[in-house]
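Visitor: One structure is given below, represented as structure tokens, and several questions about it will come after.
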Amino acid sequence: MTAERAARAERHRRLAADFRRGKRPALARAISMVEGERPGVADLLRQLLLVPPRARRIGITGPPGAGKSSLAAHLATRLRARGEEVAIVAVDPTSPFSGGALLGDRIRMNDLATDPGIFIRSMATRGSLGGLAATTREVIDLLDAFGFPNIMIETVGVGQTQLEIQAAADTTAVVLVPESGDGIQAMKAGLMEIADVFVVNKSDRVGADRLMREIRQALLLKAGLASHDAPGHHGVDLSRVASRGGGDRSGGRHGDHGAAPPEDVGVPAAGPPGKSPGPRWQIPVLKTSAGRGEGIDEFLEQLVAHHRHLTDSGLLEGRREQRARGRIRDVVERRLRRRALDTMETDPRFSRWASEVGAGRETAYGVADRIIRAIFNRVPEDGPKDHDED
């Protein structure tokens, strides 16, 4: 081990010790190292993340201007009133000039910044198309390992490719607004597949009831197309949600939200192998007004209820395993991409290979095969020992 690596290992050891003592500066430094993909960060993560996940991970996504940040702030305030700490990860668009988050840490939620029980971090997507930054999942894991019982992930506006939030969160809330015609767009964007809770925010505006009906009709349509979903697929009983939420019933709680209390779900569904069958989750369609602070308690109640449903049914373990598979794929892809780029930049043969392709004596596929062989010839079976070797 070189002197530089020995010094870095000692710094990481001290950082890990402070992290485990609950010191916020250590958490902030660890997150910065992950975001910047600093040398040696893989070894640091091995020291910090080898603990079972415990946090309730809540994803909040939806189109720009839907009020996601305001809702997250309200939820954080309610959780703090219960004595629970909260971490918020806000994924912002990337500045084309600086590469950093356009809105910066704490700007949208500055009213919460003085609360010692709330930690807010803004991350830039840096060109990632999935709604999350490349290292968002590692940051979430750090917050979980640090001990936050609640982690909220707010993502940039969703679209066809911006659905990664499902792979990062235990519970995904999709926030829509009345005036944008989101009810029809929801199915096109794949939101019906990822939503555990639907929220119609700014519900004091014209069109809120119509949007709720459209969402319920979309749920009914999906149930009609796939009324015999395989056991364990999100634990969703769409047909009962749609039938309960169908029509324009505005007076009762279930008519407004399409959600039933746990004792009224009563739809047996096969759970994971080895688990007793239990009720399926009914996707609620909720009304909120972040500007007026209305509907927040019901929103939080449904988020907590969904996490309890996942835990009681055994589905949470399955989601975590699926999330781990995705994480491994992401890390492998990032490392291989980095090694390929490094090879192209540093291998003296690359210029000659490129000339051969340009002259028609070789194909790009042939050169790619050479680069791949060069990469794997340099990687030991147990993988690189340090992040800066990637």
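Adding 496 to a residue's 1-based position in the sequence shown gives its number in this note's numbering. Where a beta carbon is used, it is the ideal one built from N, C-alpha and C, also for glycine. On a predicted model such as this, the values are computed, not experimentally measured, just so you know.
If you follow the beta strand (DSSP E) that Gly-555 is part of, which residue opens it and which one closes it?
Guide: Element bounds for Gly-555: 552 to 557.
Visitor: How big is the Cα-Cα spacing for Ala-860 and Ser-851?
Guide: Ala-860 and Ser-851: Cα-Cα distance of roughly 11 angstroms.
Visitor: Please determine if the region 608 to 621 and the region 545 to 560 are in contact, where contact requires at least 3 C-beta pairs separated by less than 8 angstroms.
Guide: Output reads no: the region 545 to 560 does not touch the region 608 to 621.
Visitor: Just checking my contact of Val-635 with Gly-558 at CB under 8 angstroms: how many whole Å lie between their CB atoms?
Guide: Rounded, the Cβ-Cβ distance is 21 angstroms, inconsistent with contact.
Visitor: Touching or not, the region 836 to 846 and the region 866 to 875, by the rule of three or more beta carbon pairs under 8 angstroms?
Guide: These segments touch.
Visitor: For the candidate residues Gly-814, Gly-563, Trp-777, whose alpha-carbon lies nearest to that of Val-695?
Guide: When only C-alpha atoms are compared, the closest one is Gly-563.
Visitor: Taking the alpha carbon of Phe-846 as the point to measure from, which residue in Arg-835, Arg-830, Val-863 has its own alpha carbon closest?
Guide: Minimum Cα distance to Phe-846 is reached at Val-863.
Visitor: Tell me whether Glu-710 sits in a helix, a strand or coil according to DSSP, three-state version.
Guide: Helix.
Visitor: In chain order, what residues of the same chain have a beta carbon less than 6 angstroms from the beta carbon of His-730, not counting five sequence neighbours either side?
Guide: Residue placement at His-730 is poorly supported in this model, since its pLDDT is 37, which falls under 50; the coordinates are not used for a value here.
Visitor: My understanding is that Ile-584 touches Ala-572, with C-beta atoms under 8 angstroms, so please give their C-beta distance in whole angstroms.
Guide: About 6 angstroms separates the two Cβ atoms, so the contact holds.
Visitor: Please classify Leu-837: does DSSP put it in a helix, a strand, or coil?
Guide: Note: Leu-837 maps to helix in three-state DSSP.
Visitor: Evaluate contact between the region 797 to 810 and the region 659 to 669, counting only Cβ atoms and requiring at least three cross-stretch pairs below 8 angstroms.
Guide: Touching, per the Cβ criterion.
Visitor: Buried or exposed: which applies to Pro-780, given that a residue is buried once 16 or more other Cβ atoms fall within 10 Å of its Cβ?
Guide: Counting Cβ neighbours within 10 Å, Pro-780 comes out buried, since at least 16 surround it.
Visitor: Indicate the three-state DSSP secondary structure (helix, strand or coil) for Thr-610 in the structure shown.
Guide: Coil at Thr-610, not helix or strand.
Visitor: Here's a check: name, in chain order, each residue in its chain whose Cβ is nearer than 8 angstroms to the Cβ of Gly-789, leaving out the five neighbours to either side.
Guide: Closer than 8 angstroms at the Cβ level, and outside the excluded window around Gly-789, lie His-570.
Visitor: Output yes or no for whether 8 angstroms exceeds the beta carbon distance between Asp-705 and His-802.
Guide: Taking 8 angstroms as the Cβ cut-off, Asp-705 and His-802 do not qualify as a contacting pair.
Visitor: Comparing C-alpha positions only, which one of Arg-504, Leu-716, Glu-660, Glu-710 sits nearest to Pro-535?
Guide: Measuring from the Cα of Pro-535, the nearest candidate turns out to be Arg-504.
Visitor: Of the choices Ile-554, Ala-663, Ile-527, Ser-618, whose alpha-carbon is the least far from that of Arg-825?
Guide: Checked all of Ile-554, Ala-663, Ile-527, Ser-618; the closest Cα to Arg-825 is Ala-663.
Visitor: Closest to Ser-618 by C-alpha separation, out of Asn-646, Asp-640, Asp-637, Val-587, would be which residue?
Guide: Ser-618 has its Cα closest to that of Val-587, out of Asn-646, Asp-640, Asp-637, Val-587.
Visitor: For Glu-650, count neighbouring Cβ atoms within 10 angstroms of its own Cβ and tell me buried if that reaches 16, exposed if not.
Guide: So Glu-650 counts as buried.
Visitor: Following the continuous alpha helix (DSSP H) through Phe-795, name the residue where it begins and the one where it ends.
Guide: That run of the alpha helix (DSSP H) goes 792 to 809.
Visitor: Which whole-angstrom value describes the C-beta separation of Leu-540 and Ala-524, a residue pair presumed to lie in contact below a C-beta threshold of 8 angstroms?
Guide: Actually they do not touch by this definition, with Cβ atoms about 14 angstroms apart.
Visitor: Under the three-state reduction of DSSP, which class applies to Leu-687: helix, strand or coil?
Guide: Leu-687 falls in the helix class under three-state DSSP.
Visitor: According to DSSP, is Arg-857 helix, strand or coil?
Guide: The answer is coil: DSSP assigns Arg-857 none of H, G, I, E or B.
Visitor: Measure the alpha-carbon distance for Leu-581 versus Gly-854 and round it to whole angstroms.
Guide: Checking the sequence shown, residue 581 turns out to be Glu, not Leu. Each residue's Cα considered, the two are about 58 angstroms apart.
Visitor: Taking Cβ positions, are Ile-647 and Arg-553 nearer each other than 8 angstroms?
Guide: Closer than 8 angstroms, so yes.
Visitor: Between the C-alpha atoms of Gly-519 and Thr-631, what's the straight-line distance to the nearest angstrom?
Guide: Here the sequence assigns Lys to residue 519, which means Gly is not the residue at that position. In a straight line, the C-alpha of Lys-519 is about 22 angstroms away from that of Thr-631.
Visitor: Would you list, in sequence order, the uninterrupted alpha helix (DSSP H) runs of no fewer than 4 residues that lie entirely inside the region 505 to 537?
Guide: Correct list: 520 to 531.
Visitor: Going by beta carbon distance, what residues of the same chain come within less than 7 angstroms of Ala-641, once the five residues before and after it are set aside?
Guide: For Ala-641, where only same-chain residues beyond five positions count, the Cβ hits under 7 angstroms are Leu-544, Leu-545, Val-547.
Visitor: With burial defined as no fewer than 16 other Cβ atoms inside 10 Å of the residue's Cβ, what is the status of Ala-522: buried or exposed?
Guide: Buried, by the Cβ-count rule.
Visitor: Using DSSP with H/G/I as helix, E/B as strand and the rest coil, what is Ile-867?
Guide: If DSSP states are grouped into helix, strand and coil, Ile-867 belongs with the helices.
Visitor: So, using beta-carbon positions, are Gly-561 and Val-673 closer together than 8 angstroms?
Guide: Yes, the Cβ-Cβ distance between Gly-561 and Val-673 is below 8 angstroms.
Visitor: When you compare only the Cα positions, how much space is there between Arg-776 and Gly-720?
Guide: If you take the alpha carbons of Arg-776 and Gly-720, they lie about 17 angstroms apart.
Visitor: DSSP three-state label for Ala-583, please.
Guide: Strand.
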